[in-house]
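Enquirer: One structure, pasted below without further comment.
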Amino acid sequence: MEDIAEKGLQVVVGLAVFAAIIGLIMLVVDRAPKSGREKVQIAGFLAPALVLLAFGLVYPALQTSYLSFTDRNGEFVGLDNFVWMFTQPEALVTLRNTVIWVVLVPLLASSIGLAYAVFIDRARGEKALKALVFMPMAISFVGAGVIWRFVYAYKGAEQDQIGLLNQILVWFGQEPKQFLLDAPENTLFLIAVMIWIQTGFAMVVLSAAIKGIPTEIVEAARLDGASAWQQFTNVTIPTIRGSLIVVVTTITIGTLKVFDIVRTMTAGQYETSVVANEMYTQAFRAGEPGRGAALALILFLMVLPVVVYNARLLRKQKEIR
Amino acid sequence: MATIRSRKFLLPAAALSVSLFALAGCGAGGSDSAGDSSDADCADYESYGTFDGAEVSVYASIVDLEAEYLENSWADFSECTGIEVAFEGSKEFETQVGVRAQGGTAPDLAIFPQPGLLAAQAGNLKPAPQAVSDLVDEGWSPDWKKYGTVDGTFYGAPMLANIKGYVWYVPATFEEKGWEVPTTWDEMTELTEKIASEEEEIKPWCAGFESGEATGWPGTDWVEDAVLREHGPEVYDQWVAHEIPFDDPRIVESFDRVGEILKNDDFVNGGFGDSRSILSTAFAEAGQPVLDGQCAMHHQASFQAANWPEGTNVAEDGDVWAFMTPPVDPAAGTAITGGGEMVGAYADRPEVVALQTYMATAEFANARVAQGGAISANKGLDPALAGSDLDRQSIELLQDPTTVFRFDASDLMPGAVGSNSFWSGIVNWINGSSTEEITQSVEDSWPSS
């Protein structure tokens, strides 16, 4: 009980301090000389957020960057960690896999999502059909990993299968297969899980965009005698281009950071590791924080252009409107 | 709209009921604490002094039932000295203990399951008090003291021990088929071949290395057992200290010795499939086919006793029993690998020292072992207190002065090897890579400094 009272007191004190600081800022901002008041106001209200950002984001980022140039004893080793990353066969496999992920997942998830959205547009039972594909979105990556590990589960040929896919193989008279053990196709089986999750997201956003296409354009195209395929390539795609790019870039960022699926399904074994997973493994399991930090830095550099592109595109679209 | 609203209501309700169930489960589990601490004889604890309102926090990787046993074993001490022990067990201990020490919220005492982890924390730990050091000199062999020593400074007394390298089997089946418990590695290989050629329904071995992100560790136990038995403690120590490379021909030889069994589809994997099914079989379930009669033997540490289904009688004439992995050369005597915990202190307040000292005594070892499910290498331990025949046999093995005991090698190696590349090396090895490739890649991953 004492603990709870103590913690409650801490919360109250914390809130009071917070209120006092905000009050102080407001007071100072309000008393500012009239000439530069707007600037003072902007500075005054931005400052707390900037300070928090500096401590919570900029400082750790700088520290991680520094860490990536040190070894496990904290001594400066220059570019050793990066050399390791681009020369060690295991680390190279990690980079290769990340590239495979980042090419396949956005491409396949978006195209399947788009195709599905177009096919079920105004179909009967559209809502139910959408819900069906969207449902995996509601499952956490870890949950999905666990589910799919069962789908891929292997038992010897003479045993009863518990994995769905191997049972199907057995029904067709095939030998059961170790889906997650055979490189390199096991990476593809992991990628399938990510696509299973992300397709719903792509489908929902693109479906909404398709519904937003003005009917006049569609009708005009139809009157001009455009075939379904011509309508799709010349009307639908250009009109929903913005949404399409948002979907692809969002999935790309998510894919670059993929961790949970690999961790729960293979833990990066059997040549399936990706950068985010290797980062964790090196930093926390192998006790090589420098290597982990170097991988984190590379991951950041890989995500950065996509984020910048995404932000610039959004701004451009705003300008057009 | 109506459906949406009802769904909105349903989800939290479902979540709430789930959490209520969870809470109920917790309550039921925690309610049966031992209430037999009232008849404590406080005379034994007078030397520690009495403290009023003092509290010592203890942090460990020990949870659930084992944590309860541990807390029971210092209940008397706590009552007589007035020292309140705040125990916290966490499965995240290995990573969290460092985080907490760095963040300024270190526990008073931490129970390290690996010497390497203690060594990594040595900068934050207080050297052990003289009394603890003396107790360890008296109660344990010098090897054990070494595990708590970093750069010549002694930090942590060993607490409990476990023994690896047991081979589990069903005595009734052995008797019925006329198989003898092997006394040398060669006899074990002969028995394996005999079973493989004569029996259709029974595979000689079953094995499972799957353990989430730690997949592969049961394989390191196999290799360590082989290295120690084949090449002796000197080579084993050199291997651990990296005085010989990981891909030394002798280590390769031991790998191949294990591979002869594990990488042969005819010898494994009863009830699960081919050799590679070892990787997708959870280590805790891998022993089950021994009981089902699908395989004859299963190599696993003494704690396998807890993995058998409830009601399994572990005894020499019971449902299942175990023999120690036999030596390669019987003249070299018994060599065993195992593990254990070290108690390190982050604080040196008098009450912390008192508890630390108590935990280094034979009295503590006896109190803990009497609860069951644990053994210790303390020489003052009474084997009669052991919870099972197997524990008794293990204690006798540990106390036998002719026994060569070596700590689990992967626990002693640097983290980058012992809990990373060695594990993944084993995984790739079972998955088809050659011994040379694997030992080479583990050697390459050994940290240079």
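Protein chains in written order, with my numbering: chain S, 1 to 321; chain Y, 1 to 449. Positions of the beta carbon are idealized from the N, C-alpha and C atoms, including for glycine.
What residue does the beta strand (DSSP E) around methionine 159/Y start on, and which one ends it?
Expert: Its beta strand (DSSP E) spans residues 157-163.
Enquirer: Give me the residue from Ala360/Y, Ala335/Y, Ile336/Y, Thr334/Y with the minimum Cα distance to lysine 345/Y.
Expert: For clarity, residue 345/Y is alanine in the given sequence; the question names lysine instead. Checking every option, the nearest Cα to that of alanine 345/Y belongs to Ala360/Y.
Enquirer: Taking C-beta to C-beta, are proline 326/Y and proline 182/Y nearer than 7 Å?
Expert: Against a cut-off of 7 Å, the Cβ pair of proline 182/Y and proline 326/Y comes out as a contact.
Enquirer: In whole angstroms, what is the alpha-carbon distance linking isoleucine 195/Y and phenylalanine 87/Y?
Expert: Looking at the two C-alpha atoms, the distance is approximately 49 Å.
Enquirer: Check the Cβ-Cβ distances between glutamate 288/S and every residue of chain Y, and say whether any is below 7 Å.
Expert: Cβ-Cβ to chain Y under 7 Å: yes for glutamate 288/S.
Enquirer: Any beta-carbon of chain Y closer than 7 Å to the one on arginine 285/S?
Expert: Yes, arginine 285/S lies at the interface with chain Y (some Cβ there is under 7 Å from its Cβ).
Enquirer: At the level of alpha carbons, what is the spacing between aspartate 121/S and valine 204/S?
Expert: Taking the straight line joining both Cα atoms gives about 11 Å.
Enquirer: With contact counted as at least three CB pairs below 8 Å, one residue from each stretch, are the segment 216-228 of chain Y and the segment 423-435 of chain Y in contact?
Expert: Taking 8 Å as the limit for Cβ pairs, the verdict is that the segment 423-435 of chain Y does touch the segment 216-228 of chain Y.
Enquirer: What in chain Y is Cβ-close to alanine 144/S, meaning under 8 Å?
Expert: Residues of chain Y passing the Cβ test: none, with the nearest at roughly 16 Å.
Enquirer: Does glutamate 319/S come out as helix, strand or coil in the three-state DSSP assignment?
Expert: In this structure, glutamate 319/S counts as helix in the three-state DSSP scheme.
Enquirer: Is threonine 402/Y buried or exposed, if buried means 16 or more other CB atoms sit within 10 Å of its CB?
Expert: By the neighbour-count rule (16 or more Cβ atoms within 10 Å), threonine 402/Y is not buried but exposed.
Enquirer: Going by Cα to Cα distance, which pick from Leu129/S, Gly173/S, Val105/S, Arg291/S is closest to threonine 255/S?
Expert: Closest by alpha carbon: Val105/S.
Enquirer: By the 9 Å beta-carbon criterion, what residues does the segment 74-104 of chain Y contribute toward chain S?
Expert: Within the segment 74-104 of chain Y, the residues whose Cβ lies closer than 9 Å to some Cβ of chain S are Glu94, Thr95, listed in chain order.
Enquirer: If we cut at 7 Å on Cβ distances, does lysine 7/S have a partner in chain Y?
Expert: By this cut-off, lysine 7/S is not an interface position.
Enquirer: Do you know offhand how far proline 330/Y's Cα is from glutamate 66/Y's?
Expert: Using only the alpha carbons, I get a separation of about 36 Å.
Enquirer: Do three or more CB pairs link the segment 284-302 of chain Y to the segment 191-210 of chain Y at distances below 8 Å?
Expert: Judged by Cβ distances under 8 Å, the segment 284-302 of chain Y makes contact with the segment 191-210 of chain Y, as three or more pairs qualify.
Enquirer: Out of curiosity, what's the CA-to-CA distance linking serine 17/Y and isoleucine 147/S?
Expert: Bear in mind that a pLDDT of 44 at serine 17/Y, under 50, signals an unreliable position, so the model cannot answer this.
Enquirer: If we call anything under 7 Å between Cβ atoms a contact, is proline 127/Y one with threonine 149/Y?
Expert: Taking 7 Å as the Cβ cut-off, proline 127/Y and threonine 149/Y do not qualify as a contacting pair.
Enquirer: Quick check on phenylalanine 18/S: buried or exposed, where buried means 16 or more other Cβ atoms within 10 Å of its Cβ?
Expert: By the neighbour-count rule (16 or more Cβ atoms within 10 Å), phenylalanine 18/S is not buried but exposed.
Enquirer: Would you call the CB atoms of threonine 87/S and serine 273/S closer than 7 Å?
Expert: No, the Cβ-Cβ distance between threonine 87/S and serine 273/S is not below 7 Å.
Enquirer: I need the boundaries of the beta strand (DSSP E) containing valine 404/Y, first residue and last residue.
Expert: Looking at the DSSP string, the run of the beta strand (DSSP E) that includes valine 404/Y is 404-407.
Enquirer: Have a look at cysteine 42/Y and glycine 49/Y and give me their C-alpha separation to the nearest angstrom.
Expert: In a straight line, the C-alpha of cysteine 42/Y is about 11 Å away from that of glycine 49/Y.
Enquirer: Assuming isoleucine 375/Y and alanine 161/Y are in contact, meaning their beta carbons sit under 8 Å apart, how far apart are those beta carbons, in whole angstroms?
Expert: Indeed, because the Cβ distance is near 6 Å, the residues count as touching under 8 Å.
Enquirer: Classify leucine 50/S: buried if its beta carbon has 16 or more other beta carbons within 10 angstroms, exposed otherwise.
Expert: Label assigned to leucine 50/S: exposed.
Enquirer: Give the interface partners of alanine 267/S over in chain Y, defined as CB-CB distance under 7 Å, in chain order.
Expert: Neighbours of alanine 267/S on chain Y, chain order: Gly212, Glu213, Thr215.
Enquirer: Does glutamine 96/Y come out as helix, strand or coil in the three-state DSSP assignment?
Expert: If DSSP states are grouped into helix, strand and coil, glutamine 96/Y belongs with the helices.
Enquirer: Please decide whether glycine 156/S counts as near chain C, where near means a Cβ-Cβ distance under 7 Å.
Expert: Here the protein chains are S and Y, and chain C is not one of them.
Enquirer: Going by DSSP, name the residue or residues bridged to tyrosine 166/Y.
Expert: Answer by DSSP bridge pairing, in chain order: Gln300/Y, Met324/Y.
Enquirer: Just the chain S side, please: which residues come within less than 7 Å of aspartate 134/Y by C-beta, in chain order?
Expert: The premise fails here: aspartate 134/Y is roughly 33 Å from chain S at the closest Cβ pair, so nothing lies under 7 Å.
Enquirer: Can you give, in chain order, each stretch of the alpha helix (DSSP H) that sits fully within the segment 85-123 of chain S and has at least 4 residues?
Expert: Taking only runs of at least 4 residues, the alpha helix (DSSP H) segments lying wholly in the segment 85-123 of chain S are 89-120.
Enquirer: Please state the DSSP three-state secondary structure of phenylalanine 76/S.
Expert: Strand at phenylalanine 76/S.
Enquirer: By Cβ distance below 7 Å, which residues in the same chain neighbour threonine 249/S in space, the five residues on each side in sequence not counted?
Expert: Counting only Cβ-Cβ distances below 7 Å, and skipping sequence neighbours, we find Val306, Tyr309, Asn310.
Enquirer: Just mark glutamate 310/Y as buried or exposed, buried being the case when its beta carbon has 16 or more other beta carbons within 10 Å.
Expert: Under this definition glutamate 310/Y is an exposed residue.
Enquirer: From glycine 27/Y to leucine 70/Y, what distance separates their C-alpha atoms?
Expert: Residue confidence is low: glycine 27/Y scores 37 on pLDDT, short of 50, so the model does not pin down where it sits. Its coordinate-derived value is still stated next. Taking the straight line joining both Cα atoms gives about 19 Å.
Enquirer: Alpha carbon to alpha carbon, how far is serine 275/Y from arginine 257/Y?
Expert: Rounded to the nearest angstrom, the two C-alpha atoms are 15 Å apart.
Enquirer: Candidates Ile244/Y, Leu117/Y, Glu200/Y: which alpha carbon is nearest glycine 98/Y's?
Expert: Comparing Cα positions, the closest option is Leu117/Y.
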